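Q: According to numbering that gives the first Met the number 0, the residues represented by the sequence shown are 0 to 827, in order.
Beta carbons are placed, not taken as given, at the ideal position from N, Cα and C, and that holds for glycine.
Keep in mind that this is a model prediction, so the values were computed, not measured.
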Amino acid sequence: MSEQSSPEAATYDVASTEQKWQRVWAETEPFRADDDSAKEKHYALTMFPYPSGDLHMGHAEVFALHDVIARYWRFRGYEVLNPMGWDSFGLPAENAAIRNDEHPATYTYANIETQAASMKNYGLAFDWSRRLHTSDPEYYQWTQWLFLKFRERGLAYRKNSPVNWCPQDQTVLANEQVLADGTCDRCGAVVTKRDLTQWYFKITDYAQELLDDLETLAPTWPDRVITAQRNWIGRSEGAHVDFVVEGREEPLTVYTTRPDTLFGATFMVVAADAALAAELVTDAQRPAYEAYLESVRTASDIDRLASDRPKTGVDLGVTAVNPVTGASIPVYAADYVLADYGTGAIMAVPGQDQRDWDFAKVFGLPVVRTVQPTDGFEADGGEAFTGAGPAINSTNDEISVDGMEIPEAKSTVITWLEAKGVGRGTVNYRLRDWLLSRQRYWGVPIPVIHCPSCGEVDVPLDQLPVELPELRGADLKPKGTSPLAAASDWVNVTCPSCGGPAKRDSDTMDTFVDSSWYFLRFTSPGYTDGPFDPAKADAWMPTDIYIGGVEHAVLHLLYARFFTKVLADMGLLQTREPFAAQLNQGFVINQGKKMSKSLGNGVSLGAQLAEFGVDAVRLTLIFAGPPEDDIDWAEMSPAGSLRFLQRAWRLGNDVTSAPGVDPATGDVALRRVTHRVVADAETLVESHRFNVMVARTMELVNATRKAIDTGVGGADPAVREAVEAVAMLLSMVAPYVAEELWETLGHAPSVANAAWPVVDPALLVEESVTAVVQIQGKVRARLEVDPGISAADLEALALADPAVVAAIDGREVRKVIVREPKLVNVVV
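1. Inspect the beta-carbon positions of residue 117 and residue 211 and report whether they are closer than 8 Å.
2. Between which residues of its own chain and residue 107 is the CB-CB distance below 6 Å, once the five residues before and five after are set aside?
3. What's the call for residue 704, buried or exposed, on a 16-neighbour Cβ count within 10 Å?
4. Out of 25, 9, 18 and 64, which has the shortest C-alpha to C-alpha gap to residue 622?
5. Evaluate residue 111 with the Cβ neighbour count: other Cβ atoms within 10 Å of its Cβ, from every protein chain shown; 16 or more gives buried, anything less gives exposed.
6. Between the beta-carbon of residue 515 and the beta-carbon of residue 562, is there less than 8 Å?
7. Using only the alpha-carbon positions, how far apart do residue 725 and residue 98 sit?
8. On the three-state DSSP scale, how would you describe residue 613?
9. Helix, strand or coil: how does DSSP classify residue 174 here?
10. Measuring only the C-alpha atoms, how far is residue 661 from residue 806?
11. For residue 284, which residues from the same chain have a beta carbon less than 8 Å from its beta carbon, with the 5 sequence-adjacent residues on both sides left out?
12. In whole angstroms, what separates the C-alpha of residue 568 from that of residue 360?
13. Let me know if residue 163 comes out buried or exposed under the rule of 16 or more other beta-carbons within 10 Å of its beta-carbon.
14. How would you call residue 73, buried or exposed, if buried means at least 16 neighbouring beta carbons within 10 angstroms?
15. List the residues that DSSP assigns as beta-bridge partners of residue 642.
16. Could you tell me which residues DSSP pairs with residue 164 in its beta bridges?
17. Using DSSP's beta-bridge definition, name the partner residues of residue 399.
18. If you drop the 5 nearest sequence neighbours on each side, which residues of the same chain put their C-beta closer than 6 Å to that of residue 32?
19. Could you say which of 37, 760, 132 and 157 lies nearest to residue 449 if we only look at CA atoms?
20. Please return the same chain residues whose Cβ sits closer than 6 Å to the Cβ of residue 7, not counting the five positions on each side in sequence.
21. Under a Cβ-count criterion, where at least 16 other Cβ atoms within 10 Å of its own Cβ denotes burial, should residue 439 be classed as buried or exposed?
22. Tell me the residue span of the beta strand (DSSP E) that contains residue 777.
23. DSSP three-state label for residue 730, please.
24. State the start and end residues of the unbroken beta strand (DSSP E) segment that holds residue 345.
25. Which residues bound the beta strand (DSSP E) around residue 493?
26. From the DSSP output, in three-state form, read off residue 182 for me.
27. Could you have a look at residue 765 and say whether DSSP puts it in helix, strand or coil?
28. Please determine, among 655, 713 and 95, the residue with the shortest C-alpha to C-alpha distance to residue 475.
29. For residue 234, report the span of its beta strand (DSSP E) as first-last.
30. What do you get for residue 381, buried or exposed, if any count of 16 or more other CB atoms within 10 angstroms of its CB means buried?
31. Taking DSSP as the reference, what is the three-state secondary structure of residue 520?
32. How long is the line joining the alpha carbons of residue 690 and residue 680, rounded to whole angstroms?
33. In chain order, what residues of the same chain have a beta carbon less than 7 Å from the beta carbon of residue 218, not counting five sequence neighbours either side?
34. Taking only three categories from DSSP, how would you classify residue 16?
35. Mind checking residue 223: buried by the 16 CB within 10 Å criterion, or exposed?
36. Near residue 687, what residues of its chain come up, given a Cβ to Cβ distance below 7 Å and the 5 sequence neighbours on each side ignored?
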């Protein structure tokens with residue numbers, strides 16, 4: 000029955016359809032990956048979620064986008080690994096559990112089941128046989144194993160240093176977890192500094208390789224992610240320069256990217272919270288220094304580095320000798336230098352650095368310019384000149400770089416420093432080692448025992464996992480020290496080395512350790528002889544696509560790259576990069592703003608699914624625009640998406656030809672549309688233009704409906720071919736209606752098992768195109784012409800058309816603009 004003949008077109012029941020196909024998928028497991036398949040393997044991965052609540056609109060978007068690719072690859076004949084698990088340790092889950100007055104394990108695993116049910120309801124093509132949770136002992140046993148193997152290679156170590164401290168979560172943070180405004184990326188609290196002994200991974204050993212390999216990733220990773228990582232690694236070339244300090248045997252070494260400006264170094268600055276400052280300060284200046292240090296500890300790194308922040312500091316009471324001028328220069332402690340940058344000290348060149356200039360003006364220190372400012376610069380404000388130019392005021396008895404441009408001057412000064420033994424050319428990185436220990440409960444216990452006699456002792460590998468004690472009923476609220484420290488039965492142990500009394504390390508690992516290798520565990524989740532089966536990892540890795548939020552541009556992605564390189568060096572992997580290609584999705588906002596309860600613009604995913612159905616929500620999210628664009632839900636129409644899906648479903652009821660009928664005998668015009676849409680869909684999906692693919696599918700639905708209703712009829716084999724193509728295309732975005740349509744067409748489930756339609760190149764060749772003829776911008780005629788028609792022939796044909804002749808009505812033709820083969824514009 001056609002839409003034209005039905006005043007009230009039939010519809011399908013959304014809820015019962017979803018329930019029906021969920022049962023079928025659970026029974027048939029159509030998306031289970033076969034490790035032993037002879038097909039070419041493709042690994043589709045989306046960032047696994049924290050189980051701190053049910054799925055939200057952001058999850059709905061990223062999962063819908065990811066599903067398009069995973070299903071498309073199945074259609075194209077690949078063996079597809081598309082797993083799902085949960086990043087179930089860490090602060091998000093723990094804080095949510097504390098807010099809800101539940102034990103983290105109880106809260107976390109309940110939420111995992113809720114999310115799993117929601118994902119299955121959402122019709123996602125995951126291989127559920129590979130499900131994992133990072134908080135399971137079977138998983139974190141191998142996180143601990145990897146930690147010990149890293150430690151064995153000198154890549155995991157413990158040291159005391161100033162660290163980022165979140166006063167709300169009462170734990171340390173890695174540099175990467177402090178946002179640009181100096182706040183905690185988890186809770187938004189302003190981050191401060193504390194001196195603590197903590198565990199680190201030596202990611203800096205891989206800084207250059209992490210930077211170099213970005214070049215190989217640049218063609219397939221988003222530009223902003225590549226740029227963010229390149230900036231975070233922050234390679235710079237300069238020199239380490241030695242300054243002799245009054246009363247100190249060892250010289251004070253500083254790193255500078257501009258050794259050519261040494262002649263303008265008129266004072267030195269040491270980070271106030273660096274151990275070096277406490278070492279250098281004289282007894283007379285110590286009270287002033289300690290009072291200043293207290294004020295510095297309350298400021299974030301971002302505040303300290305702000306260019307508009309008033310400059311403060313304290314004279315340490317000592318002087319140093321500038322190695323190129325021989326002058327004695329004062330040494331200050333200040334807050335605009337960070338303890339973990341280089342050696343924690345800088346040579347201050349106020350003539351060429353604005354912050355040094357501001358400091359010099361506050362403390363009355365001399366300014367010597369070492370680069371010639373451009374004409375008129377002094378009149379523009381008389382500040383530090385940070386531009387390029389020839390060197391000036393840069394001469395001593397042995398060397399002169401006056402007149403040299405910056406690169407030559409740098410090279411000349413470095414050569415002189417090295418010859419005199421007071422400096423050396425150096426490459427430096429902004430990247431700092433990864434601080435991984437946390438003073439919280441819900442995480443992987445660090446498998447190290449502290450013995451008064453033996454020091455730090457590894458837990459023997461055959462005693463892993465060191466399981467997290469339940470601590471039921473204990474107060475797990477953050478207090479600044481790990482709750483595990485008070486668990487005497489757990490923390491007090493015998494030293495594996497000497498047999499004496501000892502204590503377990505009571506800190507836990509940051510959740511980013513768990514997520515730095517989970518994608519490898521998915522390749523062999525039941526493996527018991529190591530963290531993963533190397534043969535299976537090599538068969539599937541690297542992942543062919545990784546989809547997730549750009550907020551992980553530095554954090555997770557950098558850590559995962561580091562882990563992969565270490566594992567390759569351990570001989571466990573062949574690949575040195577984990578993710579061959581990456582796709583970032585935008586945000587789902589509402590009324591122009593991020594969704595928020597306080598703003599009253601939150602949108603419940605559950606409510607949207609209940610009202611419009613899974614397919615309509617998925618279709619709406621994908622059709623909204625390119626994946627990387629934000630989606631304003633207030634401007635979307637899931638109701639319109641549902642109407643379209645019902646219209647597509649009705650096509651199946653009009654097909655009366657049998658499955659397997661030869662489409663070659665069918666309507667050629669409709670076949671041309673079908674084959675063009677399928678051919679375009681290939682290009683569109685592979686270029687991640689999913690929204691345009693949906694638009695082309697809508698065109699095919701309209702063309703098929705028109706063909707049915709205007710005489711071709713449902714018995715024509717071309718109609719069956721078109722509707723089967725619609726079912727396959729829709730299955731990538733609206734799996735429920737696609738399965739229903741596929742079944743209506745007489746096929747066994749699942750449509751996901753179908754082979755991608757073979758495109759006939761002959762049907763892609765247009766026999767004619769429609770050329771529009773305009774006069775003074777108004778359409779006066781439409782001509783069917785050969786696609787290869789010349790401009791001259793098209794102009795002649797247009798001017799000879801009776802309708803065009805009548806519209807010109809004897810007026811002078813001043814100009815004819817031809818855009819062959821589709822447009823002629825006549826100006827009279």
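A: Once the coordinates are examined:
1. Against the sequence shown, residue 117 aligns to sequence position 118. Against the sequence shown, residue 211 aligns to sequence position 212. If you check the CB distance, residue 117 and residue 211 do not come in under 8 Å.
2. Start at 1 with the first residue of the sequence shown, and residue 107 comes out as number 108. Counting only Cβ-Cβ distances below 6 Å, and skipping sequence neighbours, we find 50, 87 and 92.
3. For this step, residue 704 is matched to residue 705 along the sequence shown. With 16 or more other Cβ atoms within 10 Å, it is buried.
4. Numbered from 1 along the sequence shown, position 623 holds the residue referred to as residue 622. When each option's Cα is compared against that of residue 622, the closest is 64.
5. Reading the sequence shown from its first residue, position 112 is the one you call residue 111. Buried, by the Cβ-count rule.
6. Reading the sequence shown from its first residue, position 516 is the one you call residue 515. Reading the sequence shown from its first residue, position 563 is the one you call residue 562. Their beta carbons are under 8 Å apart, which means residue 515 touches residue 562 by this criterion.
7. On the sequence shown, residue 725 is found 726 positions in, with the first residue counted as 1. On the sequence shown, residue 98 is found 99 positions in, with the first residue counted as 1. Approximately 47 Å between the Cα atoms of the pair.
8. Here the question's residue 613 lines up with position 614 in the sequence shown. Reduced to three states, the DSSP call for residue 613 is helix.
9. In the sequence shown, counting from the first residue as 1, residue 174 sits at position 175. DSSP places residue 174 in helix when its eight states are reduced to three.
10. By 1-based counting over the sequence shown, the position of residue 661 is 662. By 1-based counting over the sequence shown, the position of residue 806 is 807. If you take the alpha carbons of residue 661 and residue 806, they lie about 48 Å apart.
11. The sequence position of residue 284 within the sequence shown is 285, counting from 1. So the list reads 313, 314, 315 and 316, once near-sequence residues are dropped.
12. The residue you call residue 568 lines up with position 569 of the sequence shown. The residue you call residue 360 lines up with position 361 of the sequence shown. Answer to the nearest angstrom: the Cα atoms are 51 Å apart.
13. Along the sequence shown, read from residue 1 onward, the residue named residue 163 stands at position 164. By the neighbour-count rule (16 or more Cβ atoms within 10 Å), residue 163 is buried.
14. The sequence position of residue 73 within the sequence shown is 74, counting from 1. Classification of residue 73: buried, given that the 10 Å Cβ count is 16 or more.
15. Against the sequence shown, residue 642 aligns to sequence position 643. Paired residue(s): none; residue 642 is not in a bridge.
16. Residue 164 sits at position 165 when you count from the first residue of the sequence shown. Beta-bridge partners assigned by DSSP to residue 164: 171 and 191.
17. Walking along the sequence shown from the start, residue 399 turns up at place 400. BP columns for residue 399 point to 394.
18. On the sequence shown, residue 32 is found 33 positions in, with the first residue counted as 1. If we look at residue 32 and ignore the five residues flanking it on each side, its Cβ neighbours are 80 and 126.
19. Your numbering for residue 449 matches position 450 in the sequence shown. Scanning 37, 760, 132 and 157 for the CA closest to the CA of residue 449 turns up 157.
20. Here residue 7 refers to the residue found at position 8 of the sequence shown. Interpretation of residue 7 is limited by its pLDDT of 48, a score under 50 that renders its predicted location unreliable; the figure taken from the coordinates is listed afterwards. Excluding sequence neighbours, residue 7 sits near nothing in its chain.
21. Locating residue 439 in the sequence shown gives position 440, counting from the first residue. Under this definition residue 439 is a buried residue.
22. Walking along the sequence shown from the start, residue 777 turns up at place 778. 777-784 is the span of the beta strand (DSSP E), which, as asked, contains residue 777.
23. As a working mapping, residue 730 is identified with position 731 in the sequence shown. Helix.
24. Position 346 of the sequence shown, counted from the first residue, corresponds to residue 345. Per DSSP, residue 345 belongs to the beta strand (DSSP E) from 344-347.
25. Residue 493 sits at position 494 when you count from the first residue of the sequence shown. Where residue 493 is concerned, the enclosing beta strand (DSSP E) stretches over 491-493.
26. Taking the sequence shown and counting its residues from 1, the one referred to as residue 182 is at position 183. If DSSP states are grouped into helix, strand and coil, residue 182 belongs with the strands.
27. Walking along the sequence shown from the start, residue 765 turns up at place 766. Looking at residue 765 - three-state DSSP - the assignment turns out to be coil, as it is neither helix nor strand.
28. Mapped onto the sequence shown, residue 475 falls at position 476. The shortest C-alpha separation from residue 475 is found at 95.
29. The sequence position of residue 234 within the sequence shown is 235, counting from 1. Residues 234-244.
30. As a working note, residue 381 is residue 382 in the sequence shown. With fewer than 16 other Cβ atoms within 10 Å, it is exposed.
31. In the sequence shown, counting from the first residue as 1, residue 520 sits at position 521. Correct three-state label for residue 520: helix.
32. Locating residue 690 in the sequence shown gives position 691, where the first residue counts as 1. Locating residue 680 in the sequence shown gives position 681, where the first residue counts as 1. Linking residue 690 to residue 680 through their CA atoms gives a straight-line distance of about 10 Å.
33. Counting from one through the sequence shown, the residue named residue 218 turns up at place 219. Same-chain partners within the cutoff: there are none.
34. What you label residue 16 is simply residue 17 of the sequence shown in a count that begins at 1. In the structure shown, residue 16 sits in a helix (DSSP, three-state: H, G or I).
35. Counting from one through the sequence shown, the residue named residue 223 turns up at place 224. So residue 223 ends up on the exposed side.
36. Taking the sequence shown and counting its residues from 1, the one referred to as residue 687 is at position 688. For residue 687, where only same-chain residues beyond five positions count, the Cβ hits under 7 Å are 582 and 626.
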